[in-house]
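**Q** Have a look at this one.
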Amino acid sequence: MTRRITDAAHLERLRAELQAARDPARKAIAVCAGTGCVAYGSRKLAIAFRDAVAARQLDVEVRATGCHGFCERGPLVVVFPSRVFYQRVQVGDVEEILDRTVARGEVIDRLLYADPTTGRKYVHEDEVPFYAHQHRLILGFNGKIDPESLDDYIANGGYRALARTLTSLLPEQVIEAVTKAGLRGRGGAGFPTGRKWALCRQALGNPKYVVCNADEGDPGAFMDRSVLEGNPHGVIEGMILGAYAIGAREGYVYVRNEYPLAVERLSLAVAAARARGLLGNNILGRDFSFDIQITRGAGAFVCGEETALIGSVEGNRGQPRFRPPYPAQSGLWGKPTVINNVETWVNVPWILDRGADWFAGIGTAGSKGTKIFSLVGKVNNTGLVEVPMGATLRHIVFDIGGGIRDGRAFKAVQTGGPSGGCLPAEMLDLPIDYESLTAAGSMMGSGGMIVMDDRTCMVDVARYFIDFLLEESCGKCVPCREGLTQMSHLLHAITEGRATDETLAALETLAPVVQDASLCALGQTAPNPVLSTIRYFRDEYLAHIRDRRCPAAVCKSLITYSINDQCTGCMVCARQCPEHAITGERKKLHRIDPAKCTRCGICLSVCKFDAVDVR
Amino acid sequence: MIVNINGRDLLASPEETLLQVARRNGIAIPTLCEHAGLEPWGGCRLCVVEMTRGAGPARVVPSCLQPAEDGLRVETHTPRILRIRSVLLDLLLARAPEARRIQDLALEHGVKRTSFVPRTDPDKCILCSLCVRACAAVGTQALGTAGRGAAGRISLPFGDDASACVGCGACALSCPTGAIEMVDRGSERRIWGRTFQRLRCPSCGAPTLTREHAAHLAARSRLPPESFGPCERCRREQASRQFLELVGK
């Protein structure tokens, strides 16, 4: 099993054997084993399928796959060869699926996905609007393979790009291909990957290193996690190709320890690749050696910044330093280092397998390929979404995301993580690429996308993100550490009804200084959520400041709860109120004592008669 | 190579930073976290300047870290830079209202009192890390930064373990804001909660290094501890006497 793969021809023979042993018509059940589905109990579900298949002595393969992306509907199950797609599958459904769908080819209506707005049901995965509108280059692979099986990766074309590259391309040609493909860093800044590699290859210094940045830390973002968990060999293959291109023998994956499943699967994959000679000395019998070590990060957000990450790998404080020198010139232990994000690495094998022209054919003039977004917030379909660069926000939020939850109105979408900007409805037709998002006052970031509805207070959103970034600031430079402290004070003053027009003016004076003077991208981009909300939602700021009113009824200091005449006197709210602020007799109008009310909102959520008002 | 600063073409070498080139030519740029004997840090950001490369846009960079390059155009006192400096000093004044150096610099930049919310627990320390870097340069590494961000603080290991401190005083002497208390009384020195005994100069009797500091230097230099015995003044006198004897012969 663990025989070393001696050369490229051996790899192809092995692939042919593996593919021949697979019958495409064979019955199989794919259970998603991504983090979301695991949390919903998909591990137990896969075991239940395996036990039931064994008990009935069926010839059915049960496969635990990587994340399919539609995490909200988990656990997800796909039945092959018919490709029937079931969602929210429970252990109790196992027998029925085997009896009806696997044995007789029937479809179980109850387990199908129904569109929340139209009610229409869909039988196959690729028909579900959430998937049908995507271009699932990277994520498509996740659902196909068992991330814990190297054979599965090889059978699906894995390491083919590596074998071809090592036998037919010079390192410079690899760099040329990546440059021509137009691949740009997926970690946030969008630096051209080929140029970074060329700089590192030309840099003096030995040894050289490649690093995979898997320190994904944006609240609500989980695309890198899903790729690492679902397709670890794709990342490894990308790193081997990068190492070959720049002339490195050692690589590091810096992954946060809060991603236990990613660490586990990556460790398994590295060990498997090493056992088969795809990592280590003389890879595929060539004069090229490379190995990967995994470094676990302790979860500091700032360690996703490349110079802080390098410091952390070296065992120092995770603090950014000034560039130049850039890591490509002087990185890990002062040696030339290429650092790329997980999603960037996993794109590399595709470029070398399918060709630079093919890759450059996807996307826009300046931004090539696909981008994975983590679509969360008040949309109907939350999950991981992969679209070609240049897709519009409207396409993602409405066609894929299925529009806003509970029929509410769209208000804003925040792109690019905590230091991204909030874009209003007028910007929905913006084609998403690196330049357009920056011009609109936001950024690509690593691909977080948080959708907000009309019940979201934009000032409160800005306050939340500034507080998050203040908490995560490393504290090295004054504008970020002290500037964010003061921006937080100012925003709290606004949301708590203590602000004047000067408060807003102070924010507008301070924010550009934090942008201009901060040491690293954390501080330089931190004012984005504030400046973009002031730019697009100034009225809302003014309502807080001048009218002491929160239009979205979110900011607790500025709202009051009251009971209107719809009240039937059912007493539910009075019983649930933790402060005993609600009084009234049975079947008579109730009353809220504003002095006792802490504005927790429990009465609003328990009232069945729309009798609670918030203003 | 030539760097243009404030309209003047100045000779520079690639090993120099913009701050060094400017200072060498009498152009004053304020700094707080910089020390000529230590590696630049880039934390206080007061030394920012506007830099233009070719036809590119003017960028704000810290001059203490930006290496000189041929053809760079640099402006050290534009309205944008002055605004950044005054806002930074305004922010620092909110943190360290009692620090003399901050008060003076702020006043020079037109800030009399902070426009921001002052800290409820004013701290003279501005986390510039000069003390930590000086301590590391001495070779003791008795100090570090604990905590993160606004909650960061300069600290001994585990908050109170001063066992690695040799009482050299480099931290207190390098601190720009007087945040580190060091008290010398007779041959006694108190710093970081520890009391050190200072050696006395064998010729004049003035207190010199602490016993621990002399031992530390001796161990690092492999010279006998006595070589660090005489005080600065006596050592100079000795040297001049030797020189006089040499010339006299």
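Residue numbers (our numbering), protein chains in the order written: chain A, 69 to 683; chain B, 7 to 255. Ideal placement from N, C-alpha and C gives every residue a C-beta, glycine not left out.
1. Looking at the unbroken beta strand (DSSP E) that takes in residue 361 (chain A), where does it start and where does it end?
2. In whole angstroms, what separates the C-alpha of residue 495 (chain A) from that of residue 510 (chain A)?
3. Return yes when the Cβ of residue 120 (chain A) is within less than 8 Å of the Cβ of residue 152 (chain A), no when it is not.
4. Counting only Cβ pairs nearer than 7 Å, list the residues of chain A close to residue 71 (chain B).
5. Under 8 Å between the Cβ atoms of residue 260 (chain A) and residue 252 (chain A)?
6. Pop quiz: residue 212 (chain B) and residue 177 (chain B) are said to be a contact at Cβ under 8 Å. What is the actual Cβ separation, rounded to whole angstroms?
7. For residue 431 (chain A), list the residues DSSP reports as bridge partners.
8. Report, in whole angstroms, the separation of the C-beta atoms of residue 342 (chain A) and residue 296 (chain A), which I expect to be a contact under 8 Å.
9. Quick one, which of A:470, A:467, A:85, A:520 has its alpha-carbon nearest residue 489 (chain A)'s?
10. Expressed to the nearest angstrom, what Euclidean distance is found between the alpha-carbon atoms of residue 650 (chain A) and residue 683 (chain A)?
11. So, with DSSP's three-state summary, where would you put residue 455 (chain A)?
12. Exposed or buried, which one is residue 429 (chain A) when buried takes at least 16 other CB atoms within 10 Å?
13. Among the candidates A:93, A:107, A:133, whose CA atom is the shortest distance from the CA of residue 158 (chain A)?
14. For residue 227 (chain A) and residue 235 (chain A), what's the separation of their Cα atoms in angstroms?
15. Below 8 Å on the Cβ atoms is my guess for residue 601 (chain A) versus residue 526 (chain A); work out the distance and round it to an integer in Å.
16. Look at residue 421 (chain A) and residue 229 (chain A) and say whether their C-beta atoms are less than 8 Å apart.
17. Put residue 551 (chain A) into one of helix, strand or coil per three-state DSSP.
18. Compare the C-beta of residue 577 (chain A) against all C-beta atoms of chain B and say whether one is closer than 8 Å.
19. Could you tell me whether the Cβ atoms of residue 114 (chain A) and residue 122 (chain A) are closer together than 8 Å?
20. Is residue 380 (chain A) close to chain B? Criterion is C-beta to C-beta, closer than 8 Å.
21. Let me see if you follow: with CB-CB separation under 8 Å, is residue 551 (chain A) close to chain B or not?
22. Which parts of the segment 218-258 of chain A are runs of the alpha helix (DSSP H), unbroken and 4 residues or longer, counting only runs that do not cross its ends?
23. Between the segment 523-542 of chain A and chain B, which residues of the former have CB atoms less than 8 Å from a CB of the latter, in chain order?
24. Residue 215 (chain A) and residue 134 (chain A): beta carbons closer than 8 Å?
25. Run down chain B in chain order and give the residues with a C-beta less than 9 Å from the C-beta of residue 547 (chain A).
26. Pull up the distance between the alpha-carbon of residue 167 (chain B) and that of residue 403 (chain A), whole angstroms please.
27. Cβ closer than 8 Å: which chain A residues qualify as neighbours of residue 156 (chain B)?
28. List, in chain order, every chain B residue whose beta-carbon is nearer than 9 Å to that of residue 574 (chain A).
29. Could you tell me which uninterrupted beta strand (DSSP E) segments, each at least 3 residues in length, are contained entirely in the segment 602-677 of chain A, listed from first to last along the chain?
30. Using beta carbons (cut-off 8 Å, strictly below), is residue 584 (chain A) in contact with chain B?
31. Answer with yes or no whether the minimum CB distance from residue 581 (chain A) to chain B is below 8 Å.
32. Is residue 36 (chain B) near the ligand ZN, judged by its Cβ being under 7 Å from some heavy atom?
33. Would residue 55 (chain B) count as contacting chain A if we go by Cβ distances under 8 Å?
34. Roughly how many angstroms lie between the CA atoms of residue 10 (chain B) and residue 16 (chain B), to the nearest whole one?
35. Just the Cα atoms here: how many angstroms apart are residue 91 (chain A) and residue 208 (chain A)?
36. Got a sec: which bits of the segment 606-628 of chain A sit with their beta carbon under 8 Å from any beta carbon on chain B, in order along the chain?
**A** Concretely, from the data shown:
1. 359-365 is the extent of the beta strand (DSSP E) around residue 361 (chain A).
2. Residue 495 (chain A) and residue 510 (chain A) have their C-alpha atoms roughly 11 Å apart.
3. Contact check for residue 152 (chain A) against residue 120 (chain A) fails: the beta carbons are separated by 8 Å or more.
4. Chain A residues near residue 71 (chain B): 390.
5. Yes, these two residues count as a Cβ contact at 8 Å.
6. About 22 Å separates the two Cβ atoms, so there is no contact after all.
7. BP columns for residue 431 (chain A) point to A:436.
8. Going by Cβ atoms, the distance from residue 342 (chain A) to residue 296 (chain A) rounds to 17 Å, so no, they are not a contact pair.
9. The option with the nearest alpha carbon to residue 489 (chain A) is A:520.
10. Cα-Cα distance, rounded: 17 Å.
11. In the structure shown, residue 455 (chain A) sits in a strand (DSSP, three-state: E or B).
12. Residue 429 (chain A) counts as exposed, since fewer than 16 other C-beta atoms from the protein chains shown sit within 10 angstroms of its C-beta.
13. Answer by Cα proximity: A:107.
14. Taking the Cα positions, residue 227 (chain A) is about 12 Å away from residue 235 (chain A).
15. Yes, they are in contact, since the Cβ atoms of residue 601 (chain A) and residue 526 (chain A) sit about 4 Å apart, within 8 Å.
16. Less than 8 Å separates the beta-carbon of residue 421 (chain A) from that of residue 229 (chain A).
17. It is helical.
18. Closer than 8 Å: yes.
19. No, the pair does not count as a contact, with Cβ atoms beyond the cut-off.
20. Proximity of residue 380 (chain A) to chain B, defined by a Cβ-Cβ separation below 8 Å, is not satisfied.
21. Interface flag for residue 551 (chain A) against chain B is set, since a Cβ pair is found closer than 8 Å.
22. Within the segment 218-258 of chain A, the complete alpha helix (DSSP H) runs of at least 4 residues are 218-223, 228-236, 239-249.
23. Against chain B - using a Cβ distance shorter than 8 Å - the residues of the segment 523-542 of chain A are 538, 539, 540, 541, 542.
24. Yes, these two residues count as a Cβ contact at 8 Å.
25. What residue 547 (chain A) touches in chain B: 51, 90, 93, 94, 97.
26. When rounded, the distance between both Cα atoms is 35 Å.
27. Residues of chain A passing the Cβ test: 538, 541, 543, 549, 550, 552, 553.
28. Within chain B, the C-beta atoms nearer than 9 Å to that of residue 574 (chain A) come from 121, 122, in chain order.
29. Listed in chain order, the complete beta strand (DSSP E) runs (minimum 3 residues) inside the segment 602-677 of chain A are 629-631.
30. Answer yes: the Cβ-Cβ gap between residue 584 (chain A) and chain B drops below 8 Å somewhere.
31. Taking CB atoms only, residue 581 (chain A) has a neighbour in chain B less than 8 Å away.
32. Of ligands this structure carries none, so the ligand ZN is not represented either.
33. Residue 55 (chain B) has a beta carbon lying at 8 Å or more from every beta carbon in chain A.
34. C-alpha separation (whole angstroms): 6 Å.
35. Roughly 20 Å separates the two Cα atoms.
36. For the segment 606-628 of chain A, which is checked against every Cβ of chain B, not one residue is closer than 8 Å.
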